[in-house]
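Heads up, the thing below is written out as structure tokens.
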Amino acid sequence: MSKKTFGKGCRVLIVGATSGIAKELCREFARHGFDLVLAARDEEELGILSGDLKIRGNVDVRVVLFDALDYASHPDFWKSCGEVDGVVCCFGVLSDEKEAQRDPKACRVLIETNYNANISLLNEVANSFEDRGSGFICVLSSVAGERARRSNYLYGSAKGGLSAYSEGLRSRLFPAGVSVTTVKPGPVDTGMTFGMDKLPLLAPPEKVASDIYRGLRRGADVVWTPAPWRIIMGLLRFVPSGLWKRMDF
Amino acid sequence: MKGVAYLKAMLRFSPRELEGWGRFPRQSCRVARPEKRRALSELAQSSEVQSVLARGLGRAYGDAALNEGEGILLGEKLDRFLDFDSQDGLLHLESGTSFAQILETFVPRGWFLPVVPGTKFVTVGGALASDVHGKNHHRMGTISNFVEEFELLLASGETLVCSKTQNPDAFRATLGGMGLTGVVTSAKLKLRRIETAQIQVRTERTMNLDQTLDGFGRDSDTTYSVAWIDCLASGDNLGRSVLIRGEHASLRDLDDADFEDDPLDYPSPKAKKVPRDLPDFALNPMSVKAFNAFYYSRHIDGAQLQGFEPFFWPLDAVGGWNKIYGARGFVQYHCILPFQTSHEGLTRLLERISSSGRAAFLAVLKLYGPENDSPLSFPLAGHSLALDLPASDGIIDFCRELDRITVEHGGRTYLAKDSTLDASTFAQMYPRLPEFEAIKRQLDPQNRFQSSLSRRLNIAGMGGTR
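In the order they appear, the protein sequences are chains A and B.
My numbering applies: residue 6 is where the first sequence begins, and numbers increase by one.
My numbering applies: residue 2 is where the second sequence begins, and numbers increase by one.
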């Protein structure tokens with residue numbers, strides 16, 4: 006397949022399409038004329054979202070059901086998505102950290118959804134794109150993965166692992182001409198964070214979606230969104246662990 | 002398994018300070034924001050709160066979209082288009098969709114909302130609950146004329162499909178019903194065709210109220226008609242105005258005007274923002290009088306083409322313009338008087354306002370057509386006056402003084418703007434209230450759907466002083 010330029014007529018698979026950020030990202034893609042394949046577990050919501058995107062963007066939209074924790078289904082899922090030019094992995098879960106510390110089952114769901122399930126699916130995608138010699142992959146990680154905090158280190162450790170994975174994947178696929186973009190958002194104003202207090206620089210999902218889209222268009226390796234997080238995390242990296250462990254956040 | 006944890010986090014009311022667009026009053030409510038259809042219905046029935054109210058983008062000025070200490074369901078994330086028939090312009094959509102989103106998608110395709118209020122940042126649900134109207138009420142009526150059907154979620158979790166023929170009582174009571182009959186989850190709106198995104202605008206200055214009302218008298222065939230009124234002018238100049246009239250420009254009109262851009266181009270410029278509250282002294286009788294005199298003198302009689310934005314929603318270009326009134330907030334007094342009494346009533350209101358020294362600008366006079374069959378709908382055949390008053394000391398008493406003049410002349414005030422009315426005056430203004438309450442009690446026997454406004458005005462409340 007000849008390499009298409011990033012733009013109208015490209016087909017993109019959005020995994021975890023019904024999440025707050027993904028919905029706005031889908032709209033951003035639809036506005037720019039991309040055809041879409043939407044994947045998530047909730048069939049009713051997928052149907053509503055695909056209808057919305059068809060009307061907004063006059064684009065072709067397909068839906069495929071996807072269960073992140075059913076690893077055995079991933080190869081078939083990936084085949085059923087058909088030919089796509091890019092894949093954006095938006096699925097993840099932010100559950101009650103305290104509960105996850107006590108309840109092994111809750112902990113596994115948190116870690117596996119954010120890490121294992123992404124890797125399981127992305128390995129399939131990477132192999133196809135490498136063979137084909139084209140495509141783009143976008144992974145939604147988090148600033149929480151940069152340094153793990155007292156209050157959400159389980160989530161942070163999974164996202165940190167995902168960031169490391171995507172960096173390695175980028176290097177592996179570079180010779181094949183496949184790009185991998187790691188997105189590191191701060192807290193975003195979605196259902197995931199609604200009702201939590203004191204979130205710094207809480208960003209609207211529309212802003213995050215447009216940052217991601219523009220990052221993908223220019224083929225960025227890492228997208229920090231909103232942009233100040235790049236500087237903030239750059240500085241926090243220098244906080245010595247003797248001080249870090251005393252910080253209550 | 003994962004889903005349970007996720008839903009648990011979403012199905013949660015959390016305390017949040019809310020205010021209306023007038024920023025007065027400010028109350029603590031318990032807020033949830035469903036992102037999925039099922040979550041909305043679960044939250045509406047949640048035992049975490051005694052009562053709930055759906056809220057859109059918070060453009061109601063007073064406490065119509067507040068529910069102090071109780072549940073608020075933010076609708077803004079349920080904003081998806083469900084279907085569009087490009088033959089007859091029928092748009093099926095979720096109620097959290099804003100007019101701004103509708104326009105952004107459909108104006109470039111040659112469709113427009115047949116009725117638009119003074120801001121495009123309202124949700125469909127909010128627009129229906131307030132039965133909003135625009136500068137074309139005398140020709141087109143309110144938004145409810147263009148609602149073919151909607152789905153109403155009741156406290157029982159049941160969904161009722163409502164139209165003029167199906168559940169007609171629920172249909173007319175919900176339109177203008179201030180969210181008190183249930184939650185509108187989706188609606189079918191009829192859009193109208195347009196050739197261009199331009200308005201042919203004619204302006205005319207008048208010297209006094211007689212001339213202004215005479216001007217309106219010639220407007221029965223004009224599509225859009227509104228007057229900006231200098232309500233600080235007094236004596237011989239009382240009621241002097243700038244009459245602004247508009248018609249949708251056709252392609253031929255654009256040719257005649259040598260208009261070269263895409264006729265349906267609909268730019269949405271980034272709003273300039275009022276960064277913070279202006280200090281209280283920024284708006285005083287002197288500065289407002291100067292502004293009004295400047296505005297009046299700036300307009301000359303004539304015609305020009307104007308885009309939708311500056312014609313319909315000039316204030317939307319200034320994000321957070323409500324902050325110019327400072328932290329204390331403001332009240333928008335919006336009343337309507339029937340034709341028979343409007344001249345006398347408006348004269349008395351304007352005299353009282355201009356002698357009060359309460360700074361008011363952005364005052365607007367409008368022409369209305371007949372009232373509809375929604376019992377709490379605001380419009381009636383007559384003239385309305387709308388103006389902003391800073392929420393300074395004595396504001397409630399002052400508004401009640403204006404209320405008395407309004408009631409004496411057979412008029413009423415607009416609930417979507419209200420924050421000061423009392424229950425007994427309200428009952429006088431809205432004689433069809435018992436009809437509304439009867440329908441509400443049938444739809445919502447437990448009085449699950451309440452607002453701070455419904456309690457203040459004792460709408461379908463228990464007991465009270467009526």
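The beta carbon of each residue, even a glycine, is placed where N, CA and C say it ideally should be.
Original post:
Three-state secondary structure (DSSP) at Y76/A?
Top reply: helix
Subject >> Rounded C-alpha distance that separates R56/B from R24/B >> reply: 15 angstroms
Original post:
Is G56/A near F399/B, with beta carbons less than 8 angstroms apart?
Top reply: no
**OP:** Mind checking the stretch 19-44 of chain B against chain A and listing, in chain order, the residues whose C-beta falls within less than 7 angstroms of any C-beta there?
**Re:** Per Cβ criterion, the list reads R34, E36, K37 and R38.
Original post:
Is the shortest distance between the beta-carbon of G161/A and the beta-carbons of chain B less than 8 angstroms?
Top reply: no
Original post:
Between D404/B and G183/B, is the Cβ-Cβ spacing less than 8 angstroms?
Top reply: no
**OP:** Let me know if I19/A comes out buried or exposed under the rule of 16 or more other beta-carbons within 10 Å of its beta-carbon.
**Re:** Buried is the call here.
**OP:** Give the residues from the stretch 34-51 of chain A that approach chain B closer than 9 angstroms (Cβ to any Cβ), ordered along the chain.
**Re:** R46, D47, E49 and E50
Original post:
Roughly how many whole angstroms lie between the Cα atoms of E345/B and G320/B?
Top reply: 37 angstroms
**OP:** Say whether chain B places a C-beta atom closer than 8 angstroms to the C-beta of F71/A.
**Re:** Using beta-carbon distances, F71/A does not count as an interface residue toward chain B, since no partner is under 8 angstroms.
Original post:
Candidates A392/B, P391/B and L416/B: which alpha carbon is nearest P380/B's?
Top reply: L416/B
**OP:** Along the beta strand (DSSP E) that carries D132/B, what are the first and last residues, could you check?
**Re:** In the DSSP assignment, D132/B falls outside any beta strand (DSSP E) and carries neither an H nor an E.
Subject >> Buried versus exposed, by CB contacts within 10 Å (16 or more), I301/B >> reply: exposed
Subject >> P391/B: first and last residue of the uninterrupted beta strand (DSSP E) it sits in >> reply: G383 to P391
**OP:** Specify, as a first and last residue, the run of the alpha helix (DSSP H) that F379/B falls within.
**Re:** Where F379/B is concerned, there is no enclosing alpha helix (DSSP H), given that its DSSP letter is neither H nor E.
Original post:
Are the C-beta atoms of F199/A and some chain B residue less than 8 angstroms apart?
Top reply: yes
Subject >> For A65/B, the nearest candidate out of A228/B, G127/B, S298/B and Q88/B (CA to CA) >> reply: G127/B
**OP:** At 9 angstroms on the CB atoms, spell out the chain A contacts of S15/B, in chain order.
**Re:** F199, G200, M201 and D202
Subject >> Cutoff 7 angstroms; reference K324/B; Cβ partners in own chain excluding five residues on either side >> reply: Only V275, R277, D278 and L279 meet the Cβ criterion.
Subject >> chain A contacts made by the stretch 339-351 of chain B, where a contact means CB separation under 8 angstroms >> reply: For the stretch 339-351 of chain B, the set of positions with a beta-carbon nearer than 8 angstroms to some beta-carbon of chain A is empty.
Original post:
Could one say the Cβ of L127/A lies closer than 8 angstroms to chain B's Cβ atoms, at least one of them?
Top reply: no
**OP:** Just grab the DSSP bridge partners of T166/B for me.
**Re:** None, per the DSSP bridge assignment.
**OP:** Take the Cβ of R467/B as the centre, count every other Cβ of all protein chains shown within 10 Å, and call the residue buried at 16 or more, exposed below.
**Re:** Low confidence applies to R467/B: its pLDDT is 41, below 50, so where it sits in the model is not reliable, and the reading given next is rough at best. It is exposed - the Cβ of R467/B has fewer than 16 other Cβ atoms within 10 Å.
**OP:** Give the straight-line distance between the Cα atoms of D40/A and A208/A, rounded to the nearest whole angstrom.
**Re:** One C-alpha to the other measures close to 27 angstroms.
Subject >> Minimum Cβ-Cβ distance from R81/B to chain A less than 8 angstroms >> reply: yes
**OP:** Output yes if chain B places a C-beta closer than 8 angstroms to the C-beta of S7/A; else output no.
**Re:** Confidence at S7/A is low in this model, with a pLDDT of 44, below 50, so its placement is unreliable and no value can be given for it.
Subject >> Endpoints, alpha helix (DSSP H) assigned at A101/B >> reply: DSSP places A101/B inside the alpha helix (DSSP H), whose first and last residues are F100 to F107.
Original post:
Considering only residues of the stretch 130-212 of chain A, which uninterrupted alpha helix (DSSP H) runs meet the minimum length of 4 residues and lie entirely inside it, listed in chain order?
Top reply: 158-178
Original post:
Can you name the start and end residues of the beta strand (DSSP E) that T207/B belongs to?
Top reply: Counted as a single uninterrupted DSSP element, the beta strand (DSSP E) harbouring T207/B occupies residues Q199 to T207.
**OP:** Using beta-carbon positions only, say whether S251/B and E310/B come within less than 8 angstroms of one another.
**Re:** The beta carbons of S251/B and E310/B sit no closer together than 8 angstroms.
Subject >> Contact set for Y326/B: own chain, Cβ-Cβ below 6 angstroms, skip 5 residues either direction >> reply: Cβ within range, chain order: P391.
Original post:
Taking Cβ to Cβ, would you say S139/A is nearer than 8 angstroms to V183/A?
Top reply: yes
Original post:
For a contact meaning CB atoms closer than 7 angstroms, what does F85/B contact in chain A?
Top reply: I60
Original post:
What in chain B is Cβ-close to L145/A, meaning under 8 angstroms?
Top reply: The contacting residues do not exist; L145/A stays about 16 angstroms from chain B at best.
Original post:
Nearest to E211/A by CA position, among R32/A, P80/A and I142/A, is which residue?
Top reply: R32/A
Subject >> Option in A294/B, G303/B and R173/B with minimal Cα separation from V185/B >> reply: Nearest option by C-alpha distance: R173/B.
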